[in-house]
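Here's the structure we're looking at; comments come further down.
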């Protein structure tokens, strides 16, 4: 399979990061990223999906829009140079480094309900990304969040190719241990990640693993 | 203008939405809605909600994942985020309907076509799909938080190997139609404005005709229900919701 996206290494040194945290497999992570800061999501063990949402920190009704991002770039996959577009048509963040080469924003997040449809009705009670999103928002009192705020996310490190005939498949990931993506915030944003707990999909070898999250202050 | 075939049941109502204009209404479980492209080249940006609990809404990723498709046509169903089937596509003569490109907004209309203001152009003004959807959502107490990935009926956009998207001009012909059979009581919100990737240099959205009739819901041997195991489970979830 041809993956045409550029591989761009970062020059940032983890020693200089102001945030350096591990999000364990299957857990949510929520953090403010200030304008100019750079955030790195690092796939520690490979082929782990980081389901990610972004909101304008000052007005979370403005949030990441998968379809506006696709529309603005006239492209399905995310890579270096992709601008993440908000529901108001503004740039939330820009992908500035990427050693993976392709990220998905069509596949959405797993939910108990979609697991029941996709796999079997009795899979309903397995842990899923939407519960992580719910948990993140329910425990954050900075805004009046509810389910309507859970919109279509980015799946960093996931590979969901679409054919010219309109077929859609979930392929094995093209990520690997140590691959990462970096984003520069173009406004103050709230980042909400579900480190995907999906156990029914071979794309992560049925083995969810931790991701490392780093933030650097704006470079002088 | 080509005449679209008469639906296979007594018509409850019909209405033509002029190009650029917007509409919303309740379509009950067991009612089908035919959408017809009267002049060819129409685009209809559409959102669907559970009328009884409007936080339950059409979910593009769940719809695509469950049916392993990146577009919609007959045999497919539209899933809500709650694992239920909002509606089934029981007929389609256009063959491809986009759901990944979102809605045109005022900024895009201004950049591509230039804005035609009401002050000079009255009802021949430019209208974006997103503003039309928002105005309709407001009628039902909904707003920007409810604006989600929409359908773009009658529009075809294909992806190349690198993921680049290409709008297919002239895809939908005059008289093309698709039938949506509603499996839940639905709030349907739509805007007959232009597709965001339509390369046409002139803003000229065309009308969409709506025709509703009482069709009943999916029978046991229905092709949409039986398209895949996923859809069979989606219908089970839907029928449990209605205590059936």
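Residue numbers (the working numbering), protein chains in the order written: chain L, 62 to 281; chain Y, 6 to 249.
Glycine included, each C-beta is placed from N, C-alpha and C at the ideal position.
If you run the structure through DSSP and keep just helix, strand and coil, what is residue 83/L?
Residue 83/L: strand per DSSP, three-state reduction.
In the DSSP output, which residue or residues are listed as bridge partners for residue 89/L?
255/L.
Please confirm whether residue 225/Y has its beta-carbon closer than 9 Å to some beta-carbon of chain L.
For residue 225/Y, the answer is no, since every Cβ of chain L falls outside 9 Å of its Cβ.
Any C-beta of chain L sitting closer than 9 Å to the C-beta of residue 192/Y?
So no, residue 192/Y is outside the interface.
Closer than 7 Å by C-beta to residue 69/L: which residues in its own chain qualify, once you throw out the five before and the five after it? Chain order, please.
Here the set comprises 141, 158 and 159.
My output table needs one value for residue 183/L: the three-state DSSP class, helix, strand or coil.
Three-state result, residue 183/L: helix.
Quick one: is residue 118/L near chain Y, going by C-beta distance under 9 Å?
Cβ-Cβ to chain Y under 9 Å: no for residue 118/L.
Between which residues of its own chain and residue 82/L is the CB-CB distance below 6 Å, once the five residues before and five after are set aside?
Contacts found: 274.
Shortest alpha-carbon distance to residue 252/L belongs to which of 171/L, 198/L, 185/L and 136/L?
Measuring from the Cα of residue 252/L, the nearest candidate turns out to be 198/L.
Helix or strand or just coil, what does DSSP make of residue 68/Y?
Residue 68/Y: helix per DSSP, three-state reduction.
So if I threshold CB-CB distances at 9 Å, which residues from the region 204-238 of chain L count as touching chain Y?
Those would be 207, 208, 209, 210, 211, 212, 213, 214, 221, 222, 223, 224, 225, 226, 227, 228, 229, 230 and 231, in chain order.
Any beta carbon from chain L within less than 9 Å of residue 189/Y's own beta carbon?
It does not; no Cβ of chain L falls within 9 Å.
Can you list, in chain order, the residues of the region 93-106 of chain Y whose Cβ is nearer than 9 Å to any Cβ on chain A?
In the structure shown, chain A does not exist; the protein chains are L and Y.
Measure the alpha-carbon distance for residue 231/Y versus residue 76/Y and round it to whole angstroms.
Between residue 231/Y and residue 76/Y, the C-alpha separation is close to 18 Å.
Could you work out which residue in 106/L, 66/L, 97/L and 76/L is closest to residue 238/L when comparing CA atoms only?
For residue 238/L, the nearest C-alpha among the options comes from 106/L.
On the CB-based measure, 16 or more other CB atoms within 10 Å of its CB, does residue 108/L come out buried or exposed?
Buried, because 16 or more other Cβ atoms sit within 10 Å of the Cβ of residue 108/L.
Would you please verify whether the beta carbon of residue 137/L is less than 9 Å from any beta carbon of chain Y?
Interface residue, yes.
Short of 8 Å in beta carbon distance, which residues of its chain neighbour residue 103/L, apart from the five on each side in sequence? Order them along the chain.
Answer for residue 103/L: 239, 240, 241, 272, 273, 274 and 275, listed in chain order.
If you draw a straight line from the C-alpha of residue 204/Y to the C-alpha of residue 233/Y, how long is it?
About 36 Å.
In its own chain, which residues sit with a C-beta less than 6 Å from the C-beta of residue 152/L, not counting the 5 before and 5 after it?
Closer than 6 Å at Cβ, skipping near neighbours: 144 and 247.
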